[in-house]
DNA sequence: CCTACCGATCGGTAGG
DNA sequence: CCTACCGATCGGTAGG
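Chains as they are written, first to last, in my numbering: chain A, 3 to 203; chain B, 3 to 203.
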């Protein structure tokens, strides 16, 4: 759940930087417990400022939440893209799918509270916040559409099963992992390997 | 999302029946939107009584929520058990797993707001409510442990993949289905068939 | 089952 | 960035 600033592309873009980033970090951590548990007062306490001062940096609570959720999708998107690029052009569809699963799990379970918040809290957010995130989410979904299509073209999927079903099965499983994952129970490498092996043949 | 009283084993056990059941129904429907969205006042409004009158029937909000969540697990448990029993002793492990997936999806996506609430809201509930549900949830999990073990014994799983991984993959996928399921998009029959076919060989 | 109310907490604002 | 405060809403209770 550490926030690596180097993997956080928005860091340093604003001259003041500090306070705004601290507010987002606190909100991301709180969003794990849900939207209502993410109070502006608790955010302020964690940052070390008074409740009213939040509004010097953000227009509203939903402005904060929307920024966190959008950034969470962007972080996992970039993590998966980077993992695929690191494999190089020789990689097989199987290797690529397993690498994408691993990168997604690492982002949501270990690296980014933003991604974790995006996944867990999304469906309980106000409709306006959800809509502000739709484009980014759909862009990310496209990666998985492509990976499943590659696997299908290589004949790695079960016969007579739609690619939509495979994608929804896989994304559902990895998104739900936050509900049961414990580091000492099974490693992320192992989960990624088993999930990929279960679906590919 | 209809509540079929005949499939609701607790109905009729209490002589007064009506009000208590109506409160639970309203709470189950509201819990889809989250724990905090489930206010005692909104429950009362939907039932047609005043807010304070809730406490004539239940000790607290968490008493209501805990009852709903427990019943949600019990309903899906009984739905899956009944579906397996209906198959008879000649059924193959493949048929049994697919029937269980279908029964679970039907319960959470069509038949029971209680089951839907159990799945969606669980991880955002107060710890005390979660603990009051642990036993029932673990009992339900055992069914899936058994089904995966049957499939493994029949040689239907991918080699070198742990049964835990397969169970977590499958349960994660079906539990996440509430996030994307639309009746006009893909039928529950089709989802169950594709999910089973993706994992079995 | 209702009326009337409690203490607490929420998001947000005025004015400095 | 703070002090002081707002209107609204929450879970729950007293007393009937």
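Just so it is clear, CB atoms sit at the ideal spot from N, CA and C, and this is done for glycine as well.
On a predicted model such as this, the values are computed, not experimentally measured, just so you know.
Quiz item: Nearest-angstrom Cα distance between residue 203 (chain B) and residue 102 (chain B)?
Solution: Taking the second chain and counting its residues from 1, the one referred to as residue 203 (chain B) is at position 201. Taking the second chain and counting its residues from 1, the one referred to as residue 102 (chain B) is at position 100. For residue 203 (chain B) and residue 102 (chain B), the gap between their C-alpha atoms comes out near 17 Å.
Quiz item: Within 10 angstroms of its Cβ, does residue 197 (chain A) collect 16 or more other Cβ (buried), or is it exposed?
Solution: On the first chain, position 195 is the one that residue 197 (chain A) refers to. It is buried - the Cβ of residue 197 (chain A) has at least 16 other Cβ atoms within 10 Å.
Quiz prompt | Whole-number beta carbon distance between residue 99 (chain B) and residue 190 (chain B), since they are thought to touch under 8 Å | solution = Here residue 190 (chain B) refers to the residue found at position 188 when the second chain is read from its first residue. Here residue 99 (chain B) refers to the residue found at position 97 when the second chain is read from its first residue. Approximately 15 Å separates the beta-carbon atoms of residue 190 (chain B) and residue 99 (chain B); this is outside 8 Å, ruling out the contact.
Self-check item: Whole-angstrom distance between residue 84 (chain A) and residue 182 (chain B), CA atom to CA atom
Solution: Along the second chain, one-based indexing puts residue 182 (chain B) at 180. Along the first chain, one-based indexing puts residue 84 (chain A) at 82. Their Cα atoms are separated by approximately 27 Å.
Quiz item: Helix, strand or coil: which one does DSSP assign to residue 188 (chain B)?
Solution: Sequence index remark: in the second chain, residue 188 (chain B) carries index 186 (1-based). Assigned with DSSP and collapsed to three states, residue 188 (chain B) falls in coil, not helix or strand.
Quiz item: For residue 77 (chain B), which three-state DSSP category applies?
Solution: Here residue 77 (chain B) refers to the residue found at position 75 when the second chain is read from its first residue. Note: residue 77 (chain B) maps to helix in three-state DSSP.
Quiz item: Around the Cβ of residue 187 (chain B), are there at least 16 other Cβ atoms within 10 angstroms (buried) or fewer (exposed)?
Solution: Looking up residue 187 (chain B) in the second chain gives position 185. Exposed: under 16 other Cβ atoms inside 10 Å.
Quiz item: Is the region 125 to 145 of chain B close to the region 69 to 77 of chain B, with three or more CB pairs under 8 Å?
Solution: Yes, the region 125 to 145 of chain B is in contact with the region 69 to 77 of chain B.
Exercise. With 8 Å as the threshold, decide whether the Cβ of residue 199 (chain A) is near any Cβ in chain B.
Key: As a working note, residue 199 (chain A) is residue 197 in the first chain. By this cut-off, residue 199 (chain A) is an interface position.
Quiz item: Which class does residue 96 (chain A) belong to by DSSP, given the choice of helix, strand or coil?
Solution: Residue numbering aside, residue 96 (chain A) sits at position 94 when the first chain is read from its first letter. Residue 96 (chain A): helix per DSSP, three-state reduction.
Exercise. Output the residue ranges of the alpha helix (DSSP H) runs that lie fully inside the region 94 to 173 of chain A and measure 4 residues or longer, sorted by chain position.
Key: For the region 94 to 173 of chain A, whole alpha helix (DSSP H) runs of length 4 or above, ordered along the chain, are 95 to 108, 115 to 123, 129 to 133, 136 to 155.
Quiz item: Grouping DSSP H, G and I as helix and E and B as strand, with all else coil, what is residue 182 (chain B)?
Solution: Residue 182 (chain B) sits at position 180 when you count from the first residue of the second chain. Residue 182 (chain B): coil per DSSP, three-state reduction.
Quiz item: Which bits of chain B does residue 55 (chain A) rub up against, with CB to CB less than 7 Å?
Solution: The residue given as residue 55 (chain A) occupies position 53 in the first chain. Listed along the chain, the chain B residues whose CB falls inside 7 Å of the CB of residue 55 (chain A) amount to none; the nearest CB is some 25 Å away.
Quiz item: Checking contacts by CB at 8 Å: is residue 1 (chain B) closer than that to chain A?
Solution: The requested residue 1 (chain B) does not occur in the structure, where chain B is confined to residues 3 to 203.
Practice problem: Compare the C-beta of residue 157 (chain A) against all C-beta atoms of chain B and say whether one is closer than 8 Å. | Solution: Here the question's residue 157 (chain A) lines up with position 155 in the first chain. The beta carbon of residue 157 (chain A) does not come within 8 Å of any beta carbon belonging to chain B, so the residue lies off that interface.
Quiz item: Of the residues that make up the region 137 to 171 of chain B, which ones have a beta carbon closer than 9 Å to any beta carbon in chain A?
Solution: Taking 9 Å as the Cβ-Cβ cut-off against chain A, the residues of the region 137 to 171 of chain B that qualify are 159, 160, 161, 162, 163, 164, 166, 167, 168, 170, 171.
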